[in-house]
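Residue numbers (UniProt numbering): 1 to 310. By construction, the Cβ of each residue, glycine as well, lies at the ideal position given by its N, Cα and C atoms. What follows is a short report on a single structure.
Right under this line is the structure:
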């Protein structure tokens, strides 16, 4: 019998889910059927920050609990940091490039955009970091799928857009990227580029089956980033960015986590880092969050007109 994989119906969600379905078939021989689920986020045209964290997730989780589907694929950065009762992230496949990307008219880079250029993005984190660069850009809040955002540039409504490179890559449209942004300029959102494969925790056979898709370095990096975010969420509504890398160190594998809290207007930021072992990923994330708070992260809240976490 086919396994039922729940997915949103957007082109990106379908591409991501198909990728997981293909990987699972290759690894296990099991057939997978995609089941489209419409979420509240898909039905609303309101800005994503107003809709709140988890707006693209709850309908998929409801379908899981109701046993209408066997498992679901999420963009990990869309998931609330609190675990869902009765559900389990059984696999985090290898992560796509987590950096942000610029798509600009005239094949321009960020530095080549003139003062006053209109740059669109849907994430407060990106808005704040674009403002922090001091390039006198006009940052425009936008939403919509990847195709909608790219079309705003091709039709001249905007001079450029910034969005996750991973989404563009999964849609096979990397040729349209005019610059992949260095994390020193634009630190990604926690878990950006990673997928979460979720099923019911009591479905032990499926938990084991899906576990074959798990990629330990990606899981460690994402665990560190989300632990930082979860720790900060209680007392800081300023934009949060985090990026962890797992690499070979002098005494085995090490995880290097960078975190930042930026005021929404981009005038102030706090950027710190920590290292440790992948096994201590969550502890590293929590410790770096504490460092950021100790350095004054909660004072960067500022204006929150468009905003909670990206």
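(request) Determine the DSSP secondary structure at residue 319, reduced to helix, strand or coil. (result) Outside the shown range of the chain, which is 1 to 310, sits residue 319, and nothing can be said about it.
(request) Leaving out five residues on either side along the sequence, give the residues of the same chain with a beta carbon under 7 Å from the beta carbon of residue 151. (result) Your numbering for residue 151 matches position 151 in the chain shown. No residues qualify anywhere along the chain.
(request) Please name the residue in 182, 264 and 10 whose C-alpha comes closest to that of residue 165. (result) Residue numbering aside, residue 165 sits at position 165 when the chain shown is read from its first letter. Of the listed residues, the one whose Cα sits closest to residue 165 is 182.
(message) I'd like to know whether the C-beta atoms of residue 241 and residue 187 end up nearer to each other than 7 Å.
(response) Numbered from 1 along the chain shown, position 241 holds the residue referred to as residue 241. Numbered from 1 along the chain shown, position 187 holds the residue referred to as residue 187. In this structure, residue 187 lies closer than 7 Å to residue 241 by Cβ.
(message) What residue range does the alpha helix (DSSP H) around residue 120 cover?
(response) On the chain shown, residue 120 is found 120 positions in, with the first residue counted as 1. Judged by DSSP secondary structure, residue 120 falls outside any alpha helix (DSSP H) and instead within the beta strand (DSSP E) spanning 118 to 121.
(request) Please name the residue in 132, 133, 128 and 162 whose C-alpha comes closest to that of residue 143. (result) Your numbering for residue 143 matches position 143 in the chain shown. Answer by Cα proximity: 162.
(message) Would the region 215 to 234 count as touching the region 24 to 37 if we require 3 or more Cβ pairs under 8 Å?
(response) no
(message) Excluding the 5 residues flanking residue 48 on each side, which residues of the same chain have their C-beta closer than 6 Å to its C-beta?
(response) In the chain shown, the residue the question calls residue 48 occupies position 48. Only weak support is given to the placement of residue 48: the predicted model assigns it a pLDDT of 48, under 50, and the question is left unresolved by the model.
(request) State the DSSP-derived secondary structure class of residue 180, mapped to helix, strand or coil. (result) The residue labelled residue 180 in the question sits at position 180 within the chain shown. Residue state, collapsed to three classes: strand.
(message) For a quick check, are the C-beta atoms of residue 4 and residue 69 less than 7 Å apart?
(response) Start at 1 with the first residue of the chain shown, and residue 4 comes out as number 4. Start at 1 with the first residue of the chain shown, and residue 69 comes out as number 69. Yes, these two residues count as a Cβ contact at 7 Å.
(request) Specify the secondary structure class of residue 33 as computed by DSSP and reduced to three states. (result) Position 33 of the chain shown, counted from the first residue, corresponds to residue 33. The answer is strand: DSSP assigns residue 33 an E or B state.
(request) Measure the alpha-carbon distance for residue 199 versus residue 89 and round it to whole angstroms. (result) For this step, residue 199 is matched to residue 199 along the chain shown. For this step, residue 89 is matched to residue 89 along the chain shown. Roughly 7 Å between the two C-alpha positions.
(request) Assign residue 51 to one of three DSSP states: helix, strand, or coil. (result) Here residue 51 corresponds to residue number 51 of the chain shown, with the count starting at 1. In this prediction, residue 51 scores a pLDDT of 47, lower than 50, which makes its location untrustworthy; the coordinate-derived value is nonetheless stated afterwards. Reduced to three states, the DSSP call for residue 51 is helix.
(message) What ranges does the beta strand (DSSP E) occupy inside the UniProt domain "Porphobilinogen deaminase C-terminal" (221 to 293), keeping only unbroken runs of at least 3 residues that lie completely in it?
(response) 240 to 249, 252 to 262 and 269 to 276
(request) Pick out whichever of 156, 125 and 120 has its Cα sitting closest to the Cα of residue 145. (result) On the chain shown, position 145 is the one that residue 145 refers to. Among 156, 125 and 120, the Cα nearest to that of residue 145 belongs to 120.
(message) Is it buried or exposed, residue 159, if we count other Cβ atoms within 10 angstroms and call 16 or more buried?
(response) One-based indexing of the chain shown puts residue 159 at position 159. By the neighbour-count rule (16 or more Cβ atoms within 10 Å), residue 159 is buried.
(request) Please look up how many angstroms separate the CB atoms of residue 64 and residue 9, rounded, as I've assumed it's under 8 Å. (result) Locating residue 64 in the chain shown gives position 64, where the first residue counts as 1. Locating residue 9 in the chain shown gives position 9, where the first residue counts as 1. Residue 64 to residue 9, Cβ: 17 Å. No contact.
(request) Report the option in 28, 298, 1 and 190 whose CA atom is closest to the CA atom of residue 100. (result) Taking the chain shown and counting its residues from 1, the one referred to as residue 100 is at position 100. Checked all of 28, 298, 1 and 190; the closest Cα to residue 100 is 190.
(request) Pick helix, strand or coil for residue 6, following the three-state DSSP scheme. (result) For this step, residue 6 is matched to residue 6 along the chain shown. Reduced to three states, the DSSP call for residue 6 is strand.
(request) Spell out the partners DSSP gives residue 71 in its beta bridges. (result) Translated into positions along the chain shown, residue 71 becomes position 71. For residue 71, which the question treats as bridged, DSSP gives the partners 5 and 199.
(message) Just verifying my parser: in three-state terms, what is the DSSP assignment at residue 146?
(response) Locating residue 146 in the chain shown gives position 146, where the first residue counts as 1. The answer is helix: DSSP assigns residue 146 an H, G or I state.
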